[in-house]
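Residue numbers (UniProt numbering), protein chains in the order written: chain A, 1 to 424; chain B, 1 to 314. Every residue, glycine too, gets a C-beta built ideally from N, C-alpha and C. Here is the structure we will look at.
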């Protein structure tokens, strides 16, 4: 019996190994080296969200640079930067993780003089404003951590300097996703997440630092309490928030918690939940399955997030130049348009606009009804002509941001309390 | 399977060696150490060293972005925070109780099912070939990954899943049963589904080695089928049951994927706590939890060893 079993296993393993090898090598040498004698390869560390084969292809065409993606989950990005600072050439990470990364000294400020479009980066980052109007800055708002005092400084500057921590890649505003066909009435407030009407049909995400902020939005909307800073709670505030969550959990409010993109899609598409914290592309995915799902704007506003490119301390010479070239290319329009078409927002809107059709710009950025079918970067139809984007225009969405994803000072305590909530 | 028979023959040759002159036996012993060396080395590098490191790190301090090699007991204090109050169990106790509950339930069901299947295979099937074919069929589910086997339960058990729809159509229930998925039930179901084979294999192995004449003798002596089972088969299957139990218990204790997926992330497990702490760079805290988990599992194995002397049985 062992004789029969072994070859099967071994063949399987061999197959798996070969497949892995093919994949691995494909990423490294999948392109003909024709443009320059010695093309530079940049190792790009980040989450899979911003990584795509189209960008790799275009970068190779335009700059002759090989991009080698290292896709890991958000928390893993931070862990890699802190524990293995030599394992990447470009970092693509969330602004909130800067509070952990900058003190480690493993990334340095980006020289604004070498970034062509640095002065055109949207005021969301540089001033915390949209259209001259201040937006919510609770939590790790990018403007608080956008500049460093010196290139290798470990403290953030309060006013603009030459040294930028992260050049923005994408950002967006998150809210609750709902199933309008199953709820059958308008939803306008975060407090509906804990409304007993949806008992056993609600969900919250099980990533402590983000989940607790969604919970804080709910607590505040119930009118019980107003936080000093939802993104930086005191111990007492953490206790209060977790207590509300535990009561709701014991009362059977939640169907499940979700932790990754696909889990959230499945919960919603199968009707296990009808209201839950969600990410914008997940809503799109539920809709492409033919299930009605709305990314519902709420009166208390959005919880926003942003990612950006950072520079590892160890980078020098040719690779450093190539990294600046790549970032300049990224801000020059093509990539921005590519990201805008997926429903994210890009750092330099002017250049992205020149790479988008007017009807696309009108739909994605101005909140107007689509003149034609709206297609994603891969050509598939995302929305039929006539639809309007959830939450409307860029100004309406980003202008209603209430708080930003964050790392709290009491992070350790918060994680411990979150574990208590899960165990309750 | 055949490997498990080996120790007997090795013991026999050892006995033979003892009768030979002392020098030869010493040379043999020296050789045996060399033969054991590669495995010992692997264990040292991949088990002992990481384990020692884990224990050491569990006593270190940390902050958001670095581990500080300075002695502290704070991590353990945090693990057992609030455990002295008797009114309400603390997070750690609650988590372990929940994990232990799954362990016990999974163990009971896998043992029951595993023993029955193994008994059927070993004693009811006469032909050796049929036996092997049926045994292989038991392993077929293992040709796909753990996660796939788990996820395939979802369309079956969900609110609008097959089971609920069928029951509703048959008019047996008016509202879907919510507790089928994302509940204790679904976690135990998935664990039993995933781990029963680990019970079947060692028990079947033990049963296959039972001398058939013993059973005939029992019948000849007038024992009923039930008495034969209790007094002959079960005692002789003890090693198989023990090994299977160790597999199932250790697997369930450390499993956080099944509990996470089937419990809808709503049920705590020790593994999950450790994973969350790791992802927030709280390595010393995670290490302290791992040490406590290791201690708990070792205690359970020791307790099992009290009941059955594995060395002797093998």
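Asked, Found
"Does the count of Cβ pairs from the stretch 65-85 of chain B and the stretch 158-176 of chain B closer than 8 Å reach three?", "no"
"Taking residue 118 of chain B as the reference, give the member of B:136, B:281, B:276, B:279 with the closest Cα.", "B:136"
"Does the ligand MN have even one heavy atom less than 7 Å from the beta-carbon of residue 255 of chain B?", "Within the structure as shown, the ligand MN is missing, as the structure has no ligands at all."
"I'd like the list of long-range same chain contacts for residue 79 of chain A, defined as Cβ closer than 8 Å, with 5 residues on each side in sequence excluded.", "none"
"Using three-state DSSP, classify residue 81 of chain B as helix, strand or coil.", "coil"
"Under 8 Å Cβ to Cβ from residue 300 of chain A, same chain only, skipping five residues before and after it: list those, please.", "189, 190, 217, 220, 221, 402"
"From which residue to which residue does the beta strand (DSSP E) around residue 41 of chain A run?", "41-46"
"Taking buried to mean at least 16 other C-beta atoms within 10 Å of its own C-beta, is residue 404 of chain A buried or exposed?", "buried"
"Residue 30 of chain B to residue 45 of chain B, Cα distance in whole Å?", "22 Å"
"Keeping to the same chain, check which residues put their C-beta closer than 7 Å to that of residue 232 of chain B; ignore five residues upstream and five downstream.", "214, 215, 218"
"Could you tell me whether the stretch 187-201 of chain B touches the stretch 239-251 of chain B, where touching means 3 or more Cβ pairs closer than 8 Å?", "yes"
"Report the neighbours of residue 159 of chain B on chain A: residues whose CB is nearer than 7 Å to its CB, in chain order.", "271, 272"
"Exposed or buried, residue 234 of chain B, counting other C-beta atoms within 10 Å across all chains shown (16 or more means buried)?", "exposed"
"Can you give, in chain order, each stretch of the beta strand (DSSP E) that sits fully within the stretch 279-366 of chain A and has at least 3 residues?", "294-296, 302-312"
"Pick from B:301, B:281, B:300: whose alpha carbon is nearest that of residue 68 of chain B?", "B:281"
"Determine the chain A residues that contact residue 61 of chain B at a beta-carbon separation under 9 Å, and present them in chain order.", "Under the 9 Å cutoff, chain A gives no residues; its nearest Cβ is about 11 Å from residue 61 of chain B."
"Examine chain B for any beta-carbon lying closer than 8 Å to the beta-carbon of residue 258 of chain A, and answer yes or no.", "yes"
"Please identify the residue among A:230, A:394, A:156 whose C-alpha is closest to the C-alpha of residue 129 of chain A.", "A:394"
"Considering residue 71 of chain A, what are the terminal residues of the beta strand (DSSP E) in which it resides?", "66-71"
"Jot down the residue ranges of each uninterrupted alpha helix (DSSP H) in the stretch 86-124 of chain B, minimum 4 residues, whole runs only, in chain order.", "91-119"
"Please report the residue range of the beta strand (DSSP E) in which residue 177 of chain A lies.", "176-178"
"Mind checking who residue 256 of chain A pairs with in its DSSP beta bridge?", "A:203"
"Ordered along the chain, which non-local residues of its own chain (more than five positions away) have a Cβ less than 7 Å from that of residue 134 of chain B?", "121, 125"
"Please classify residue 296 of chain A as buried or exposed, where buried requires at least 16 neighbouring CB atoms within 10 angstroms.", "buried"
"Chain A partners of residue 94 of chain B, CB-CB under 7 Å?", "423"
"Around the C-beta of residue 321 of chain B, are 16 or more other C-beta atoms found within 10 angstroms, so that it is buried, or is it exposed?", "As shown, chain B starts at 1 and ends at 314. That puts residue 321 of chain B outside it, with no answer to give."
"Using a beta-carbon distance cut-off of less than 7 Å, what residues from the stretch 153-179 of chain B approach chain A?", "158, 159, 160, 178"
"Given 8 Å as the limit, is there contact between the stretch 175-190 of chain A and the stretch 246-253 of chain A, that is, 3 or more CB pairs closer than that?", "no"
"For the stretch 144-163 of chain B against the stretch 173-191 of chain B, do three or more pairs of beta-carbon atoms, one drawn from each stretch, fall closer than 8 Å, so that the two count as touching?", "yes"
"The alpha helix (DSSP H) that contains residue 85 of chain A, what's its start and end?", "That residue, residue 85 of chain A, is in no alpha helix (DSSP H); it is neither H nor E in DSSP."
"For a test of the three-state rule: what should DSSP assign to residue 21 of chain A, helix, strand or coil?", "Bear in mind that the predicted position of residue 21 of chain A carries a pLDDT of just 42, short of 50, making it too unreliable to give a figure here."
"Alpha carbon to alpha carbon, what distance is there between residue 149 of chain B and residue 104 of chain B?", "22 Å"
"The alpha helix (DSSP H) with residue 383 of chain A in it runs from where to where?", "Where residue 383 of chain A is concerned, there is no enclosing alpha helix (DSSP H), although the beta strand (DSSP E) it sits in stretches over 381-383."
"Which value, in whole angstroms, describes the spacing of the CA atoms of residue 379 of chain A and residue 242 of chain A?", "44 Å"
"Thinking just about the alpha-carbon of each residue, which of A:412, A:283, A:204, A:146 is nearest to the one in residue 286 of chain B?", "A:412"
"Quick one: which unbroken alpha helix (DSSP H) runs of 4-plus residues sit fully inside the stretch 146-206 of chain B? Chain order, please.", "146-151, 154-157, 162-169"
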